[in-house]
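**Q** Before anything else, here's the structure in question.
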Amino acid sequence: MTDRIAEHYERLARADDDHWAYDPDHVRRFAQAMADTLRLIRTDTIADVGCGTGLYTRRLCEYVEPERPVLCVDPVAAMLERLPALPGLRPLHASAEDLASGRVALPDDRALDAVVMKEAIHHVADRRATLEGLVGLLSPHGRILVVMLPRTIHHPLFRAAHERFRELQPEPGEIADLVSAAGLRASVSYRTFHVAIERERYIRMLESRYMSVLGEFSEDELQAGIDQFRHAYRDPVLRFDDHFAFVKGWVPPR
Ligand SMILES: C[S@@+](CC[C@H](N)C(=O)[O-])C[C@H]1O[C@@H](n2cnc3c(N)ncnc32)[C@H](O)[C@@H]1O
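Encoded structure:
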């Protein structure tokens with residue numbers, strides 16, 4: 001993880017507001033979609049890699065009620081500090097690469113039945129080695145779910161942010177190829193979540209650089225982008241479709 005990304009998430013963790021937390025229904029529906037895709041069951045040992053503040057992990061845990069705590073893995077301590085202190089959530093300060101390479105060991109050396117990685121794969125530099133390493137941590141009925149935005153998104157960002165996002169974001173198909181190169185069966189499907197958000201709230205989210213791509217811009221560039229946004233979006237409530245790719249991998253049956 002680069003220093004810039006670490007600083008970005010430290011800053012975001014200090015913001016008092018988890019941006020999507022204002023819509024608990026959205027978070028619950030999203031967490032359920034992930035759990036259903038992975039067909040999670042109570043006996044699964046589950047890890048959420050790049051869990052952030054655990055906003056979605058917590059809902060997933062409430063839905064599945066796993067017997068063992070969900071391992072909440074994130075390299076940014078400030079993010080993990082905001083993880084709710086619940087018996088169902090067990091923090092682990094590590095990056096995906098740390099876990100994949102064995103630099104940080106799994107607690108109790110227990111293989112994982114399911115790995116969730118939501119909106120973090122774009123931060124991993126060596127995706128091939130990291131996915132291969134994570135696959136190596138799976139049990140014989142292990143599954144992995146990489147949730148990611150496609151390159152083209154409908155968030156009401158300004159033009160330069162859309163362009164930069166397209167440059168930085170990997171293709172879901174590439175990730176599926178890496179998952180299958182690591183020895184799993186792989187599939188890609190898409191889920192759409194309808195978002196309605198007050199314009200003023202969204203402006204605050206832009207100002208706080210709620211997406212890491214916004215960290216690519218200087219203060220002046222960001223302000224110019226927000227001016228462009230104010231001009232283009234006038235409705236008091238913004239509505240857009242948030243499409244997510246669900247890249248799933250599973251250990252092939254013998
Ligand atoms: C966009 S946030 C997503 C957080 C959470 N999964 C969610 O959807 O609310 C990205 C998270 O990935 C973490 N991250 C950054 N680099 C990472 C890496 N190399 N391995 C694992 N997580 C990473 C960040 O600290 C941050 O918490």
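In this text, residue positions in the sequence shown follow UniProt numbering: the first is 1, and each later residue adds one.
Don't be surprised by glycine CBs; every beta carbon is placed ideally from N, CA and C.
What are the boundary residues of the beta strand (DSSP E) that includes residue 72?
**A** Along the sequence shown, one-based indexing puts residue 72 at 72. Element bounds for residue 72: 70-74.
**Q** Identify the continuous alpha helix (DSSP H) that holds residue 175 and give its terminal residues.
**A** Against the sequence shown, residue 175 aligns to sequence position 175. Taken as a continuous stretch (DSSP letters only), the alpha helix (DSSP H) holding residue 175 covers 172-181.
**Q** Would you mind working out which of 36, 251, 190, 66 sits nearest residue 150, comparing C-alpha positions?
**A** Along the sequence shown, read from residue 1 onward, the residue named residue 150 stands at position 150. Nearest C-alpha to residue 150: 190.
**Q** When you measure from the CB of residue 92 to every non-hydrogen atom of ligand 1, does any distance come out below 7 Å?
**A** Locating residue 92 in the sequence shown gives position 92, counting from the first residue. Answer for residue 92: no, Cβ out of range of ligand 1.
**Q** Who are the near neighbours of residue 64 in its chain, counting only those whose CB is closer than 6 Å to its CB and skipping five residues on each side?
**A** Numbered from its first residue, the sequence shown carries residue 64 at position 64. If we look at residue 64 and ignore the five residues flanking it on each side, its Cβ neighbours are 35, 40.
**Q** Which residue or residues does DSSP assign as beta-bridge partners of residue 207?
**A** Position 207 of the sequence shown, counting from 1, holds the residue named residue 207. According to DSSP, which records beta bridges pairwise, residue 207 is partnered with nothing at all.
**Q** Does ligand 1 have a heavy atom nearer than 7 Å to the CB of residue 95?
**A** On the sequence shown, residue 95 is found 95 positions in, with the first residue counted as 1. Flag set: Cβ of residue 95 near ligand 1.
**Q** Using a threshold of 8 Å, state whether the C-beta atoms of residue 113 and residue 104 are closer than that.
**A** Position 113 of the sequence shown, counted from the first residue, corresponds to residue 113. Position 104 of the sequence shown, counted from the first residue, corresponds to residue 104. No, these two residues do not count as a Cβ contact at 8 Å.
**Q** Just to confirm before moving on: does the CB-CB distance between residue 6 and residue 79 stay below 8 Å?
**A** Taking the sequence shown and counting its residues from 1, the one referred to as residue 6 is at position 6. Taking the sequence shown and counting its residues from 1, the one referred to as residue 79 is at position 79. Their beta carbons are not under 8 Å apart, which means residue 6 does not touch residue 79 by this criterion.
**Q** Look up residue 114 in the DSSP assignment and say whether it is helix, strand or coil.
**A** Translated into the one-based positions of the sequence shown, residue 114 becomes position 114. Three-state DSSP puts residue 114 in a strand.
**Q** Give me the residue from 68, 85, 61, 92 with the minimum Cα distance to residue 76.
**A** Counting from one through the sequence shown, the residue named residue 76 turns up at place 76. Among 68, 85, 61, 92, the Cα nearest to that of residue 76 belongs to 92.
**Q** Would you call residue 84 buried or exposed, if buried means 16 or more other Cβ atoms sit within 10 Å of its Cβ?
**A** The residue you call residue 84 lines up with position 84 of the sequence shown. It is exposed - the Cβ of residue 84 has fewer than 16 other Cβ atoms within 10 Å.
**Q** What do you reckon, is the C-beta of residue 213 under 7 Å from a heavy atom of ligand 1?
**A** Within the sequence shown, the letter at position 213 stands for residue 213. No; taking the cut-off as 7 Å, the Cβ of residue 213 has no heavy atom of ligand 1 nearer than that.
**Q** Kindly list the residues whose CB is nearer than 7 Å to the CB of residue 166, restricted to its own chain and excluding five residues on each side of it in sequence; keep chain order.
**A** Numbered from its first residue, the sequence shown carries residue 166 at position 166. Hits under 7 Å: 151, 152.
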